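When the count follows full-length UniProt numbering, it moves up by one through the sequence shown with no breaks and lands on 390 for the last residue.
Where is the CB? At the ideal position from N, CA and C, for every residue including glycine.
Small disclaimer: the values here were computed from a predicted structure and weren't measured.
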Amino acid sequence: MKLLNGVNPCLLLLLAPSPFKFSAATQALPPQHPLQDPLQDPLSISSSTPLLALHESLVNHPSTTGLEANITTFLQTHLESHLNLTVHTQPVAPNRQNLLAYLGTSRTTRLLLTSHIDTVPPYIPYSRHGNALHGRGTVDAKGSVAAQILAFSSLLASGAIHEGDVALLYVVGEETGGAGMGAVNDLGLSWEAVIFGEPTELKLARGHKGGLGFTITAKGRAGHSGYPELGTNAIDVLVRALYALQGLKLPSSKTYGNTTLTVGKISGGVAANVIPESAFATVSVRVAAGTPEGIQELIERAVLAAEPGVELSFSYGIGPIPLDYDIEGFETTVVSYGTDIPRLKGDHKKYLYGPGSILVAHSDHEHLTVADLEAAVEGYKTLILESLKR
Ligand SMILES: *[C@@H]1O[C@H](CO)[C@@H](O)[C@H](O)[C@H]1NC(C)=O
Ligand SMILES: *[C@@H]1O[C@H](CO)[C@@H](O)[C@H](O)[C@H]1NC(C)=O
Ligand SMILES: *[C@@H]1O[C@H](CO)[C@@H](O)[C@H](O)[C@H]1NC(C)=O
Ligand SMILES: [Zn+2]
């Protein structure tokens, strides 16, 4: 980020009184930005909407998991000064806070609107190409965050929601283990319904797959590669164990499709002329049917039959998550990614909805369109109003 007359632009952003000014300040940064000549840019009018300005500001605050402090401060200031909300911050770890915002003094609300403010690395700055909004987090999940806040603010302005109806919750740490949402269980709150924001391409999710993670560790005996028969090659052992996984039949269901398995990382050995002493692999299973315990058993049996000496260590296990979709007017879908939904305890209804596609989230071409972002505001408004009618 460039310094303006020695003043850190982040400071200007925090002090700026309106969302439009946030946008104007940050637009000075990318030289290729199309807004410099309004006459040549038919998009300049929609560029200045509060929705687009908020989305841009969120993306311009890098918030890779663990480094969420700046975006929390920005969002707190925004919600307090623009929506006049009461903001409660909940420490999750040093310099990492969840943020709960509500009207007046009523922390207890019928409905909760929530998403996460952390992103995966690496940071990619915001840029706009025509109607496409690019950058890290534009989809996952700052598109949902911006659309939820604008939906809330629109319903507030029209008098459709009041103190005690809806709260906003933005958590840290969703991308790596869910420490933020885990901590929300300590707030002692409960809701009739919770609307989770993640990219669903504006469809209401009927459910999402569960997950199971594990590592395989193979131990060998080191030695000179000229005499492989005198050592034990841990990489060879690992490869045979992984091969046993390739043929494994895992359960499937009509609703969630196939349980899939991805070997995401392998490592081992030290040099080409040394018999490797150790090797390991980490694997992620997306559970579509059955139980995590049952799948764990299938995996253990297959791997240990091929290589009895390897060590298997399972880190988490969760079955498929059914969701609520009893609200008219939405296409529905089933998604294959995990969310914070199972981490929030309680018997609330669970809705999952948001703009953008998971297929570009986490990629170097993460982006969504202006139209999708705008449509998500209407979608959230419908979900809020329909949930409040029940
Ligand atoms: C947070 O803001 C400070 C001050 O502007 C800056 O030095 C730091 O790099 C920012 N952190 C992240 C993760 O962007
Ligand atoms: C802001 O909210 C408080 C309640 O928390 C209320 O008393 C006050 O009137 C509100 N201010 C405006 C400008 O709406
Ligand atoms: C599920 O796996 C079967 C083969 O086992 C395959 O034919 C089918 O296309 C898969 N379904 C999906 C949705 O990927
Ligand atoms: Zn996400």
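Where residue i sits in the DSSP three-state scheme
i: I71; result: helix
i: S115; result: strand
i: H289; result: According to the sequence shown, residue 289 is Ala rather than His. A289: coil per DSSP, three-state reduction.
i: P50; result: helix
i: G264; result: strand
i: V377; result: helix
i: G130; result: coil
i: L304; result: helix
i: N66; result: Per the sequence shown, the amino acid found at residue 66 is Gly instead of Asn. G66 falls in the coil class under three-state DSSP.
i: residue 400; result: For residue 400 there is no data in the structure shown, the boundaries of the chain being 1 and 390.
i: R96; result: strand
i: S225; result: coil
i: S106; result: coil
i: E80; result: helix
i: L385; result: helix
i: I216; result: strand
i: Y316; result: strand
i: L168; result: strand
i: E311; result: strand
i: G294; result: helix
i: P342; result: helix
i: H367; result: strand
i: H55; result: helix
i: Y123; result: coil
i: L352; result: strand
i: residue 416; result: The chain is shown only over 1 to 390; residue 416 falls outside these bounds and no answer can be derived.
Inter-residue spacing [alpha-carbon to alpha-carbon] between residue i and residue j
i: Y380; j: A151; result: 6 Å
i: S190; j: A157; result: 26 Å
i: F139; j: Y170; result: The sequence as given places Val at residue 139; Phe does not occur at that position. Rounded to whole angstroms, V139 to Y170 spans 15 Å at the Cα level.
i: G317; j: G211; result: 6 Å
i: A376; j: G329; result: 13 Å
i: Q296; j: F314; result: 8 Å
i: L258; j: H224; result: Note on residue identity: the sequence assigns Asn, not Leu, to residue 258. So the alpha carbons of these two residues sit roughly 44 Å apart.
i: Y256; j: V285; result: 13 Å
i: D372; j: L52; result: 11 Å
i: V184; j: T108; result: 13 Å
i: G268; j: L261; result: 21 Å
i: Y123; j: H55; result: 15 Å
i: R110; j: V237; result: 55 Å
i: I275; j: Q76; result: 55 Å
i: L368; j: A132; result: 6 Å
i: L67; j: L230; result: 49 Å
i: L83; j: Y353; result: 23 Å
Which residues DSSP lists as bridging residue i, in chain order
i: K249; result: Looking at the DSSP assignment, K249 forms no beta bridge with any residue, so it has no partner.
i: P322; result: G207
i: S284; result: G213 and T262
i: H88; result: L100
i: T200; result: DSSP lists no partner for T200.
Delimiting residues of the alpha helix (DSSP H) encompassing residue i
i: I275; result: Unbroken run through I275: none, as it is neither H nor E.
i: I149; result: K142 to A157
i: V184; result: A179 to V184
Span of the beta strand (DSSP E), counted from its first residue to its last, around residue i
i: A361; result: Where A361 is concerned, there is no enclosing beta strand (DSSP E), given that its DSSP letter is neither H nor E.
i: A205; result: L204 to H208
i: G197; result: A193 to G197
i: P334; result: A small fix is needed here, since residue 334 is Val in this sequence, not Pro. Per DSSP, V334 belongs to the beta strand (DSSP E) from T332 to V335.
Worksheet item: Quick check: the segment 158-167 against the segment 134-148, are there 3 or more CB pairs under 8 Å?
Response: Contact fails: fewer than three Cβ-Cβ distances are below 8 Å.
Worksheet entry | Three or more C-beta pairs below 8 Å linking the segment 176-187 and the segment 271-289 | Contact between the segment 176-187 and the segment 271-289 is absent: fewer than 3 CB-CB pairs across the two stretches fall below 8 Å.
Worksheet entry | Lining residues of ligand 6 - beta-carbon closer than 5 Å to any non-hydrogen atom, in sequence order | Here the bound small molecules are ligand 1, ligand 2, ligand 3 and ligand 4; ligand 6 is not part of this structure.
Practice prompt. Spell out a yes or no on whether the segment 110-126 and the segment 191-205 are touching, meaning 3 or more CB-CB pairs, one atom from each, closer than 8 Å.
Written response: The answer is yes - the segment 191-205 touches the segment 110-126, with three or more Cβ pairs under 8 Å.
Worksheet item: Are the segment 123-136 and the segment 217-234 touching by the rule of at least three beta carbon pairs closer than 8 Å?
Response: Segments in contact, no.
Discussion item. Would you call the segment 242-256 in contact with the segment 344-362, where contact means no fewer than 3 C-beta pairs closer than 8 Å?
Written reply: Taking 8 Å as the limit for Cβ pairs, the verdict is that the segment 344-362 does not touch the segment 242-256.
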